[in-house]
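Notes follow once the structure below has been shown.
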Amino acid sequence: MRVAAKILTAKSSASPRPKAAAGRTKTARTERNCSVARTLDIVSDAWAFLIIREAFFGTQTFEAFRAALGIPRATLTDRLRKLTQLAIFRQVASGSSQRKEYRLTKMGFDLYPSFIALMQFGDRWLSKGEPAPLTLIHTTCGCDSHPDVTCSHCGESVGARDAEYRDGPGAGRCLAKEGRNTRRASDGSRFLLGRPSSVSRALEIIGDKWSFMVVREGFFGKRRYDKILNELAIAPNILTDRLNRLVASGVFRRRQYQSSPDRYEYLLTDMGLDLYGPFIAMLRWGDRWLSKGRPPLILTHLKCGHDFEPSVNCERCKKPIIAADMRYRLAYDPKSFGALGPRSVD
Ligand SMILES: [Zn+2]
Ligand SMILES: [Zn+2]
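Just so it is clear: in the sequence shown, position 219 is 282 by my numbering, and no numbers are missing.
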């Protein structure tokens, strides 16, 4: 634990981040430029996430999304419009009819490795001893696959303890968007609609954006309430709520570091540290599609000493995972969860 915190803060101290003081008033909150936050802005909306997930299973039409998710019409219309504006979907005419289909764009398909990284986390920590809902079959090598988040330079897997970071060209702070981050964590249960899914289980715990931001500060070595509060400009009651939830779900453990008055710090558990893979997979997606070529963070892999991009690779054949190469074996009856696309087997 200590090692992780030290590693993750080692280089950042050499290049101090611009202070937010100038633009920071009570009404203008700022937040750290962060590709993970940009990614989570999109997938932490439970409906948007569920729609993208169904698209990975081959769902393409309005009615098929509705059937799979039981989502209200107006909500589905709204989310499909937003996801199309974001260029995650594109609309295409279906045959000769007026009906539109929604196809994932290259940017949309590129979210797949992040979903897979979240799924692996959910399989490892949140399946409560039951079999994983989905087994991945990598058609490239023909094996059941448990993909790893790996270093693009050496191909070895990357965990929280063997990477460090420094500021990239896009580092700095930006004004926090108004009206964001206020959602209650109880919304998390919506992630569990539709088919059983380890990704949903992972997002139920950390999909609320504040929760993930608190975990991010853990990766940056921030352990104490005041430090996290200061870094995130979060309302104290929301921070308390999120920390309590994250301790209850096993992502952090609380350790007393002072008595009278009693004070506690929050340490990432092994489970919390294992969120590093999904974290950097989402970081890579945000860097690639939302940072205009100016990534806020540069990652270095300590084992090989090189800067790297996270790559979600098949642990058997070491090839990067892409949606088109995957088949699925389901541990549940797909008929109860809407139509399944052409990529499923069994
Ligand atoms: Zn490496
Ligand atoms: Zn493979």
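By construction, the Cβ of each residue, glycine as well, lies at the ideal position given by its N, Cα and C atoms.
Excluding the 5 residues flanking residue 37 on each side, which residues of the same chain have their C-beta closer than 6 Å to its C-beta? The question about residue 37 has no answer here: the residues shown for the chain are numbered 64 through 409.
Taking C-beta to C-beta, are residue 227 and residue 365 nearer than 8 Å? Less than 8 Å separates the beta-carbon of residue 227 from that of residue 365.
Lining residues of ligand 1 - beta-carbon closer than 5 Å to any non-hydrogen atom, in sequence order: Cβ-based neighbours of ligand 1 within the cut-off: 214, 216, 217, 364 and 367.
Please go through the same chain and pick out, in chain order, the residues whose beta-carbon is closer than 6 Å to the beta-carbon of residue 124, but skip the five residues on each side of it. For residue 124, same chain residues with a beta-carbon under 6 Å away, outside a window of 5 residues either side, are 164 in chain order.
Distance cut-off 7 Å: residue 209 Cβ against heavy atoms of ligand 2: In this structure, ligand 2 has no non-hydrogen atom nearer than 7 Å to the beta-carbon of residue 209.
Does the segment 367 to 383 come into contact with the segment 338 to 356, if we say contact requires no fewer than three beta-carbon pairs (one atom in each stretch) closer than 8 Å? Touching, yes, given that three or more Cβ pairs across the two stretches are closer than 8 Å.
For residue 363, which residues from the same chain have a beta carbon less than 8 Å from its beta carbon, with the 5 sequence-adjacent residues on both sides left out? Only residues of its own chain outside the window of five on either side were considered, and among them 74, 226, 227, 228, 229, 369, 370 and 371 have a CB closer than 8 Å to the CB of residue 363, listed in chain order.
Please identify the residue among 153, 187 and 358 whose C-alpha is closest to the C-alpha of residue 264. Comparing Cα positions, the closest option is 187.
Check whether the Cβ of residue 379 lies closer than 7 Å to any heavy atom of ligand 2, and answer yes or no. Because some heavy atom of ligand 2 lies under 7 Å away, the Cβ of residue 379 counts as near it: yes.
On the DSSP bridge list, what partners appear for residue 393? Bridge partners of residue 393: 197.
Could you check which residue in 130, 106 and 158 has the C-alpha nearest to that of residue 145? With respect to the C-alpha of residue 145, the residue from 130, 106 and 158 having the closest C-alpha is 106.
In its own chain, which residues sit with a C-beta less than 7 Å from the C-beta of residue 239, not counting the 5 before and 5 after it? Answer for residue 239: 92, 93, 94 and 296, listed in chain order.
Could you tell me whether any non-hydrogen atom of ligand 2 is closer than 7 Å to the CB of residue 198? With a cut-off of 7 Å, the C-beta of residue 198 is classified as distant from ligand 2, since no heavy atom of the ligand falls inside that distance.
Could you give the distance in angstroms between the alpha-carbon of residue 285 and the alpha-carbon of residue 279? Near 9 Å, if we compare the C-alpha coordinates of residue 279 and residue 285.
Cα separation between residue 87 and residue 293? At residue 87 the pLDDT is 43, less than 50, meaning the model places this residue with poor confidence; the figure from the coordinates comes in the next sentence. CA-to-CA, the gap between residue 87 and residue 293 works out to about 12 Å.
N- and C-terminal bounds of the alpha helix (DSSP H) containing residue 126: Here the alpha helix (DSSP H) through residue 126 covers 125 to 132.
Using the C-alpha atoms, what's the distance from residue 327 back to residue 207? Spanning the two alpha carbons is a distance of roughly 43 Å.
Nearest by alpha-carbon distance to residue 194: which of 204, 183 and 203 is it? The residue from 204, 183 and 203 with its alpha-carbon nearest to that of residue 194 is 183.
DSSP three-state assignment for residue 226, whether helix, strand or coil: In the three-state scheme derived from DSSP, where H, G and I count as helix and E and B as strand, residue 226 is classed as strand.
Nearest-angstrom beta carbon gap, residue 185 and residue 261 [assumed within contact, 8 Å]: Cβ atoms of residue 261 and residue 185 come within 8 Å of each other, at about 3 Å.
CB-CB length for residue 253 against residue 395, believed under 8 Å: About 19 Å; that fails the 8 Å criterion.
Could you tell me the distance, in whole angstroms, from the CA atom of residue 141 to the CA atom of residue 167? If you draw a straight line from the Cα of residue 141 to the Cα of residue 167, it comes to about 17 Å.
By DSSP, does residue 328 sit in helix, in strand, or in coil? In the structure shown, residue 328 sits in a strand (DSSP, three-state: E or B).
In this structure, how does DSSP classify residue 161 when only helix, strand and coil are distinguished? Reduced to three states, the DSSP call for residue 161 is coil.
Residue 247 versus residue 271: straight-line alpha-carbon distance, rounded: Residue placement at residue 247 is poorly supported in this model, since its pLDDT is 49, which falls under 50; the coordinates still yield a value, given next. Roughly 8 Å separates the two Cα atoms.
Ligand 2 and residue 204: does any heavy atom of the ligand fall closer than 7 Å to the residue's C-beta? It does: the Cβ of residue 204 is within 7 Å (strictly closer) of some heavy atom of ligand 2.
Three-state secondary structure (DSSP) at residue 307? In the structure shown, residue 307 falls within a helical segment according to DSSP collapsed to helix, strand and coil.
Exposure of residue 210, with buried meaning 16 or more beta-carbon neighbours within 10 Å: By the Cβ neighbour-count rule, residue 210 is buried, with 16 or more other Cβ atoms within 10 Å of its own.
Run through DSSP, which three-state label would residue 259 get? Coil, per DSSP.
Would you check if the distance between the CB atom of residue 197 and the CB atom of residue 391 is smaller than 8 Å? It is a contact, given that the beta carbons lie within the stated cut-off.
Please report the distance separating the alpha-carbon of residue 64 from that of residue 291. Reliability of the predicted coordinates at residue 64 is poor, the pLDDT of 38 falling under 50, and the value obtained from them is presented with this limitation in mind. Cα-Cα distance, rounded: 17 Å.
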